[in-house]
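*Asks:*
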Amino acid sequence: MWQKKKISVILPTYNEKLSIKKSIRDLEKLKIIDEIIVVNNNAIEGTSGEVRQTIASEIFEPRQGYGAAIRRGLSQAGGDYLIISEPDGTFVARDIYKFLSYAADFEVVLGTRTTNSLIWEGANMGFFLKWGNYLVGKLTEVLFNTTQLTDAGCTYRLIKRPVYRKIKGSFSGFGSDFGLEMLLVIIQKGIPFIQIPVNYRQRVGESSVTGNPLQALLLGLQMVLLILRKRFIK
1 MWQKKKISVI LPTYNEKLSI KKSIRDLEKL KIIDEIIVVN NNAIEGTSGE VRQTIASEIF
61 EPRQGYGAAI RRGLSQAGGD YLIISEPDGT FVARDIYKFL SYAADFEVVL GTRTTNSLIW
121 EGANMGFFLK WGNYLVGKLT EVLFNTTQLT DAGCTYRLIK RPVYRKIKGS FSGFGSDFGL
181 EMLLVIIQKG IPFIQIPVNY RQRVGESSVT GNPLQALLLG LQMVLLILRK RFIK
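For the sequence shown, position 233 matches number 233 in full-length UniProt numbering, and the numbering has no gaps at all.
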């Protein structure tokens, strides 16, 4: 609970068996999280056993894809503040305090991983990934004449429940570009938001998307096409 607001954290999981328990425990240590929902998106064997050793609740989403998992988690979360994070060790739990401090003035608070001093040694934020996300953010900023964006791919974010209710009917995607789709819907509906720097650490284990250069490139192209479609095709 934070200033009488219930907080839910949503963690989608597919290949995070080695890190998910610690990620949940780090959230517990904050003492302000009311609900932790793990969305098992056809996760590798043994993941559920790790989750059962924590206070988190686990739900299952058989449709494969990041967007499918997040949409499922949001539909089940009961908090006033809905926080989306990752259980792979890349994000720092205490950065939630940053999100909450800005929630007094904004309906949506997004993270950005592009601040050099907050990119930890070993983090998967090389030249192409960093500047690719930056340029996609700037493309969005220019085409939609919106708030400054420096990272189009950061999934760490806070959304207030009334905002979720307002935007959920506009979602169409189920894949890895869902985070960007959510942002574009927020922009199109004129919802006030801000993007703030967050810590970004080395991932525990391999990512099925950003760990593969070809998959990362394809995702970048997919994101650009999504932006153009949302901007020019009604």
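The beta carbon of each residue, even a glycine, is placed where N, CA and C say it ideally should be.
From this set, P197, L218, I20, Y164, which residue's C-alpha is nearest V185's C-alpha?
*Replies:* V185 has its Cα closest to that of Y164, out of P197, L218, I20, Y164.
*Asks:* Figure out for me which residue from K31, F178, V109, S48 has the closest Cα to the Cα of A69.
*Replies:* Residue F178 is the option with its Cα nearest to A69.
*Asks:* In chain order, what are the residue ranges of uninterrupted beta strand (DSSP E) at least 3 long that sit wholly in the UniProt domain "Glycosyltransferase 2-like" (8–167)?
*Replies:* You should have 35–40, 57–60, 81–84, 108–112, 157–160.
*Asks:* Buried or exposed: where does E206 fall if 16 or more other Cβ atoms within 10 Å of its Cβ makes it buried?
*Replies:* Label assigned to E206: exposed.
*Asks:* In or out: E86 buried (at least 16 other Cβ within 10 Å) or exposed?
*Replies:* By the neighbour-count rule (16 or more Cβ atoms within 10 Å), E86 is buried.
*Asks:* Reducing DSSP to helix, strand and coil, say where K230 ends up.
*Replies:* DSSP places K230 in helix when its eight states are reduced to three.
*Asks:* What does a CB cutoff of less than 6 Å around C154 pick up in its chain, not counting 5 residues either side in sequence?
*Replies:* Closer than 6 Å at the Cβ level, and outside the excluded window around C154, lie G111, T112, R113.
*Asks:* Give the DSSP bridge partners of K5, in chain order.
*Replies:* According to DSSP, which records beta bridges pairwise, K5 is partnered with W2.
*Asks:* Excluding five sequence neighbours on each side, which residues of the same chain lie with their C-beta closer than 8 Å to the C-beta of M223?
*Replies:* Only V136, A152, G153, D177, L180 meet the Cβ criterion.
*Asks:* So does I187 have its beta carbon nearer than 7 Å to some heavy atom of the ligand COA?
*Replies:* This structure lacks the ligand COA, and indeed carries no ligand of any kind.
*Asks:* Count the other C-beta atoms from every protein chain shown that fall within 10 angstroms of the C-beta of W2, then say buried if there are 16 or more, exposed otherwise.
*Replies:* The residue is buried, with at least 16 neighbouring Cβ atoms inside 10 Å.
*Asks:* Which stretch, first to last residue, makes up the alpha helix (DSSP H) that contains Q188?
*Replies:* Element bounds for Q188: 178–188.
*Asks:* Are the CB atoms of K17 and I44 nearer to each other than 8 Å?
*Replies:* The answer is yes: Cβ separation under 8 Å.
*Asks:* Return yes when the Cβ of F232 is within less than 8 Å of the Cβ of R63, no when it is not.
*Replies:* Not closer than 8 Å, so no.
*Asks:* Rounded to whole angstroms, what's the CA-CA distance from G73 to I24? Just pull it up for me.
*Replies:* Their Cα atoms are separated by approximately 15 Å.
*Asks:* Can you find a CB in chain B that lies within less than 8 Å of the CB of L139?
*Replies:* No chain B appears in this structure, which consists of one protein chain only.
*Asks:* Exposed or buried, what is E61 when buried is set at 16 or more other beta-carbons lying within 10 Å of its beta-carbon?
*Replies:* Classification for E61: buried.
*Asks:* Evaluate L228 with the Cβ neighbour count: other Cβ atoms within 10 Å of its Cβ, from every protein chain shown; 16 or more gives buried, anything less gives exposed.
*Replies:* Its Cβ having fewer than 16 others within 10 Å, L228 is exposed.
*Asks:* Give me the Cα-Cα distance between L219 and G132, rounded to the nearest whole angstrom.
*Replies:* So the two alpha carbons sit approximately 10 Å from each other.
*Asks:* So, under 8 Å CB-CB, D80 and K29 are touching, yes? Tell me the CB distance rounded to an integer number of Å.
*Replies:* Their Cβ separation, rounded to whole angstroms, is 21 Å, which puts D80 and K29 out of contact at 8 Å.
*Asks:* Which residue from F171, F193, I191, G122 puts its Cα closest to that of residue 235?
*Replies:* Outside the displayed span of the chain (1 to 234) sits residue 235, for which this structure offers no information.
*Asks:* Can you tell which of Q195, P197, L100 has its C-alpha closest to the C-alpha of K4?
*Replies:* Per the Cα distances, L100.
*Asks:* State yes or no: is the C-beta of I10 within less than 8 Å of the C-beta of I119?
*Replies:* No, the pair does not count as a contact, with Cβ atoms beyond the cut-off.
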